[in-house]
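So the sequence shown is residues 1 to 139, counted in this note's numbering.
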Amino acid sequence: MGFLKDFRDFAVKGNVIDLAVGVIIGGAFGKIVSSLVNDIFMPVIGLITGKGFRDMKLVLKEATKDAAGADIAEVSMNYGMFIQNTIDFIIIALVIFFMIRMLNSMKKAEPAPAPAPPPGPSKEEILLGEIRDLLKNRS
1 MGFLKDFRDF
11 AVKGNVIDLA
21 VGVIIGGAFG
31 KIVSSLVNDI
41 FMPVIGLITG
51 KGFRDMKLVL
61 KEATKDAAGA
71 DIAEVSMNYG
81 MFIQNTIDFI
91 IIALVIFFMI
101 RMLNSMKKAE
111 PAPAPAPPPG
121 PSKEEILLGE
131 IRDLLKNRS
């Protein structure tokens, strides 16, 4: 019973739930940014370069057929996909940077709560002060 209770306490803590929500939103956010890169930026870059990045590759060995007539796939270095994934990463990193920067500026904009006023003197301190003043006046 102790294990299940400990696990339940762990699973319903705010940090674990926040992490789960962050992972889910991050997955959806990654799809949005990938679509932005693949469907918006890359066609424009492909128009400028004359072909899409996905098609850019360095063929090391052409596709051939073996003696039985079966196709042997080409061997190539797909540097275009590497460039596309790098651009994808840079855009995701920039968007996350700007979001965190915005969140931090919003936290700074919130006014800090005013410090509590110091507590006044206790009854004993007031009484001791009165006794001191009376003794000063007697002399």
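The beta carbon of each residue, even a glycine, is placed where N, CA and C say it ideally should be.
As the structure is a computational prediction, the values presented were derived from the model and not from experiment.
Practice task
Put S35 into one of helix, strand or coil per three-state DSSP.
Solution key: helix
Handout entry: Segment contact flag, the segment 49-61 with the segment 73-85, C-beta cutoff 8 angstroms, min 3 pairs
Key = yes
Practice task
State the beta-bridge partners of L58 as determined by DSSP.
Solution key: For L58, the beta-bridge partners assigned by DSSP are M77.
Problem - Inter-residue spacing [alpha-carbon to alpha-carbon] between F53 and M99 - result: 28 angstroms
Practice task
Round the Cβ separation of V16 and I92 to the nearest angstrom and send it over; I've been treating them as touching at under 8 angstroms.
Solution key: Actually they are not in contact, since the Cβ atoms of V16 and I92 sit about 24 angstroms apart, beyond 8 angstroms.
Handout entry: Close Cβ partners of V95 (< 7 angstroms) along its chain, the five nearest in sequence each way excluded
Key = V33
Problem - CB contact check: V23 to chain D, cutoff 8 angstroms - result: Chain labels in this structure do not include chain D; a single protein chain is all it has.
Problem - Assigned secondary structure, D18 (DSSP; H/G/I helix, E/B strand, else coil) - result: helix
Handout entry: Sequence-distant residues of the same chain with beta carbon closer than 8 angstroms to K108, five excluded per side
Key = Excluding residues within five positions, none has a Cβ falling inside 8 angstroms.
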